[in-house]
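Chemist: No gaps in the numbering here: position 196 of the sequence shown is 1461 in the numbering used here, and each next residue is one more. Virtual Cβ for every residue (Gly too), placed ideally from N, Cα, C. Just so you know, these numbers come straight off a predicted model, no measurement behind them.
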Amino acid sequence: MSSNQAKESSFLGGRIPPEIESLSRNLKDMDQEMFRKILKALVSSIEGKDCREVMKSIAESSVIPEEKLSHIVAGMYRVLTEAILIPMSSLKQETFKDDLRELRIAEDFITDFASVVFGNRRAALEAMVSQRDPQLPSIEDFRWRVDVTISTSSLARALQPSILMQMKLSDGTFQRFEVPVSKFQELRYNVALILKEMNDLEKRSILKIQD
C-alpha cells in the first residue's frame, strides 16, 4: 500500500492564465504611479462603479501603447479576481506574494496588489466578485492510496487493485470515492486530452480586449 499527498499550490491553480503570465513583461515600462491609478480603477470597477472615463483618461496620459496597456489591465484584473475568490482561510499573504515573485512581478507592485487583496475592502470585493462569477468549491487538499483486495466472498484470491481518493473542498466538506484502475486510466487519458485542447485554444488568441 502506498500514499501521496498534494502539496500546497499556487493561488492561480495548476495553469497560469496567459494574461497573468505575460504581466511581468508588460509591466517593465510602467511606473508605480500609473500602476496605482489602474489598480484603483480596477478596484472601483469590481465594486460595480463605472470607470470607463477613468480608464480612458489613463490610456490618454500613458506613453504605453494602447494594446499593451489593455493586456496589463487584463492581467491585473485577473490577479485580483483570482485571489479574491479564494477564502482568506486558504490564502496566506506571504504565499500570495511568493506566487507573484515567481512570476517576476516587481516587489512594489506586489505590495500594492496585497494591500487590495488583504485590505479592509476585501469583504466587499469578495461579495461583488462572487456575485459576478459564482464558482463551485475548489480543492484544498487531495490524498490518494492504492488498495489491493486479496480475496472476496466469492473468490479465494482476487488481488484486485483499486485507488481510494479523498478531496477536501474549500467549503469544508470531504469527498471520498474508490476508482478501479481501468477507470483511473480513463480519467488520466481524458484529463490529458482536455489539457491539450485548452493549450490549442489558448494558441488561437481569439479573446482580445476591445475599445
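For R1290, which residues from the same chain have a beta carbon less than 7 Å from its beta carbon, with the 5 sequence-adjacent residues on both sides left out?
Modeler: One-based indexing of the sequence shown puts residue 1290 at position 25. Nothing meets the Cβ criterion.
Chemist: Using a 10 Å radius around the Cβ and a threshold of 16 neighbouring Cβ atoms, would you call I1404 buried or exposed?
Modeler: Position 139 of the sequence shown, counted from the start, is the residue given in the question as residue 1404. Exposed is the call here.
Chemist: For the region 1279-1312, which segments carrying the alpha helix (DSSP H) assignment without a break, of at least 4 residues, lie completely within its bounds, in sequence order?
Modeler: DSSP runs (the alpha helix (DSSP H)) wholly in the region 1279-1312: 1283-1286, 1288-1291, 1297-1311.
Chemist: What would DSSP say about F1361, mapped onto helix, strand or coil?
Modeler: Translated into the one-based positions of the sequence shown, residue 1361 becomes position 96. In the structure shown, F1361 sits in a helix (DSSP, three-state: H, G or I).
Chemist: Taking just the CA atoms, how far does V1394 sit from T1346?
Modeler: One-based indexing of the sequence shown puts residue 1346 at position 81. One-based indexing of the sequence shown puts residue 1394 at position 129. Each residue's alpha carbon lies about 7 Å from the other.
Chemist: Using only the alpha-carbon positions, how far apart do S1322 and A1306 sit?
Modeler: Position 57 of the sequence shown holds residue 1322. Position 41 of the sequence shown holds residue 1306. The alpha-carbon atoms of S1322 and A1306 are separated by roughly 11 Å.
Chemist: By how many angstroms is the C-alpha of I1415 removed from the C-alpha of L1350?
Modeler: Along the sequence shown, one-based indexing puts residue 1350 at 85. Along the sequence shown, one-based indexing puts residue 1415 at 150. Approximately 45 Å, taken between the alpha carbons.
Chemist: With DSSP run on the structure shown, which of helix, strand or coil describes I1415?
Modeler: Numbered from its first residue, the sequence shown carries residue 1415 at position 150. In the structure shown, I1415 sits in coil (DSSP, three-state: anything other than H, G, I, E or B).
Chemist: Drop a sphere of 10 angstroms on the beta-carbon of V1328, count the other beta-carbons inside from all chains shown, and report buried for 16 or more, exposed for fewer.
Modeler: By one-based count along the sequence shown, residue 1328 stands at place 63. The residue in question, V1328, is exposed, as its Cβ has fewer than 16 Cβ neighbours within 10 Å.
Chemist: With three or more C-beta pairs closer than 8 Å as the rule, is the region 1281-1289 touching the region 1351-1369?
Modeler: Contact between the region 1351-1369 and the region 1281-1289 is present, because at least three Cβ pairs lie under 8 Å.
Chemist: What is the DSSP secondary structure of K1433, counted as helix, strand or coil?
Modeler: Here the question's residue 1433 lines up with position 168 in the sequence shown. Strand at K1433.
Chemist: Determine contact between the region 1298-1316 and the region 1381-1389, defined as no fewer than three beta-carbon pairs at a distance below 8 Å.
Modeler: Touching, per the Cβ criterion.
Chemist: When burial is assigned at 16 or more other CB atoms within 10 Å of the CB, is S1335 buried or exposed?
Modeler: Against the sequence shown, residue 1335 aligns to sequence position 70. Buried, since its Cβ has 16 or more Cβ neighbours within 10 Å.
Chemist: To the nearest angstrom, how far is the alpha carbon of L1292 from that of I1281?
Modeler: Mapped onto the sequence shown, residue 1292 falls at position 27. Mapped onto the sequence shown, residue 1281 falls at position 16. Their Cα atoms are separated by approximately 17 Å.
Chemist: In whole angstroms, what separates the C-alpha of K1333 from that of R1343?
Modeler: Numbered from 1 along the sequence shown, position 68 holds the residue referred to as residue 1333. Numbered from 1 along the sequence shown, position 78 holds the residue referred to as residue 1343. Roughly 15 Å between the two C-alpha positions.
Chemist: Please list, in chain order, all residues of the same chain as F1276 whose beta carbon is under 8 Å from its beta carbon, the five residues on each side excluded.
Modeler: Residue mapping note: residue 1276 aligns to position 11 of the sequence shown, counting from 1. Answer for F1276: E1347, A1348, I1351, L1356, T1360, F1361, D1364, listed in chain order.
Chemist: Would you tell me roughly how many angstroms separate the C-alpha atoms of F1449 and V1456, rounded to the nearest one?
Modeler: Position 184 of the sequence shown holds residue 1449. Position 191 of the sequence shown holds residue 1456. F1449 and V1456: Cα-Cα distance of roughly 10 Å.
Chemist: What do you reckon, are the CB atoms on Q1431 and R1408 nearer than 9 Å?
Modeler: Indexing the sequence shown from 1 puts residue 1431 at position 166. Indexing the sequence shown from 1 puts residue 1408 at position 143. Against a cut-off of 9 Å, the Cβ pair of R1408 and Q1431 comes out as a contact.
Chemist: Under a Cβ-count criterion, where at least 16 other Cβ atoms within 10 Å of its own Cβ denotes burial, should M1353 be classed as buried or exposed?
Modeler: Sequence index remark: in the sequence shown, residue 1353 carries index 88 (1-based). That one is exposed.
Chemist: Within a Cβ cutoff of 8 Å, which residues of the same chain sit near E1372, ignoring the five residues on either side of it in sequence?
Modeler: In the sequence shown, counting from the first residue as 1, residue 1372 sits at position 107. These residues qualify, in order along the chain: R1366.
Chemist: Thinking just about the alpha-carbon of each residue, which of V1444, D1436, Q1440 is nearest to the one in V1413?
Modeler: Taking the first residue of the sequence shown as position 1, residue 1413 is located at position 148. If we check each option's Cα against that of V1413, V1444 comes out closest.
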